[in-house]
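Trainee: Per my numbering, the very first residue in the sequence shown carries number 4; after that it's consecutive.
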Amino acid sequence: MSTPQEITDRYLAAWNETDAERRLALLRRQWSADARYVDPMASAAGVDEVHQLIGAVQARFPGFAFAQRGRADGHGAHVRFSWSLGPADIDAPIEGSDVVTVRDGRIDGVIGFLDKIPQAA
């Protein structure tokens, strides 16, 4: 059984992996084949769609990386954590929180929330 922190670490590692082949391998190893992801701006069903979504986020925000904010906690099959997204040398302009559902040791679902986003100019 993985701890909430281990699940969070693996989740963020997949989002930060810029090599597409390595990222897909991580997702196939750590996520259920039919995992679902949803947040206010996107949704994905299955590992391949999640892989494409992560690639699209990386293309939209080049040089940005996800970092954990605070500590991860869990209850039963659910893990909750907060994150930031931005360049390493400034305060992150984007922050969010995710709730991950785990089934058979793999990420099976994610519900994401955006806590801080830049205002459009």
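Using N, Cα and C, we set each Cβ at its ideal position, and we do this for glycine too. Given the structure is predicted, the values throughout are model-derived calculations rather than measurements.
Who are the near neighbours of Arg13 in its chain, counting only those whose CB is closer than 7 Å to its CB and skipping five residues on each side?
Mentor: Position 10 of the sequence shown, counted from the start, is the residue given in the question as residue 13. Same-chain partners within the cutoff: Gln33.
Trainee: Assuming Ala48 is part of the beta strand (DSSP E), what are its boundary residues?
Mentor: As a first step, residue 48 is located in the sequence shown; it is residue number 45 there, counting from the start. Segment Ser46 to Ala48, the beta strand (DSSP E) holding Ala48.
Trainee: Near His54, which residues of its chain fall below 7 Å by C-beta distance, leaving aside the five closest residues on each side in sequence?
Mentor: Looking up residue 54 in the sequence shown gives position 51. Counting only Cβ-Cβ distances below 7 Å, and skipping sequence neighbours, we find Arg26, Leu27 and Leu30.
Trainee: To the nearest angstrom, how far is the alpha carbon of Glu9 from that of Phe84?
Mentor: Position 6 of the sequence shown, counting from 1, holds the residue named residue 9. Position 81 of the sequence shown, counting from 1, holds the residue named residue 84. Rounded to whole angstroms, Glu9 to Phe84 spans 12 Å at the Cα level.
Trainee: Given 8 Å as the limit, is there contact between the segment 37 to 52 and the segment 107 to 114, that is, 3 or more CB pairs closer than that?
Mentor: With the cut-off at 8 Å, the segment 37 to 52 and the segment 107 to 114 touch.
Trainee: Since Thr104 contacts His81 with CB under 8 Å, what's their CB separation in whole angstroms?
Mentor: Here the question's residue 104 lines up with position 101 in the sequence shown. Here the question's residue 81 lines up with position 78 in the sequence shown. Sure, about 6 Å apart at Cβ, within 8 Å.
Trainee: Could you compute how far the alpha carbon of Ala124 sits from the alpha carbon of Ala91?
Mentor: Looking up residue 124 in the sequence shown gives position 121. Looking up residue 91 in the sequence shown gives position 88. Per-residue confidence for Ala124 stands at a pLDDT of 45, beneath the threshold of 50, marking its modelled position as unreliable; no derived number is given.
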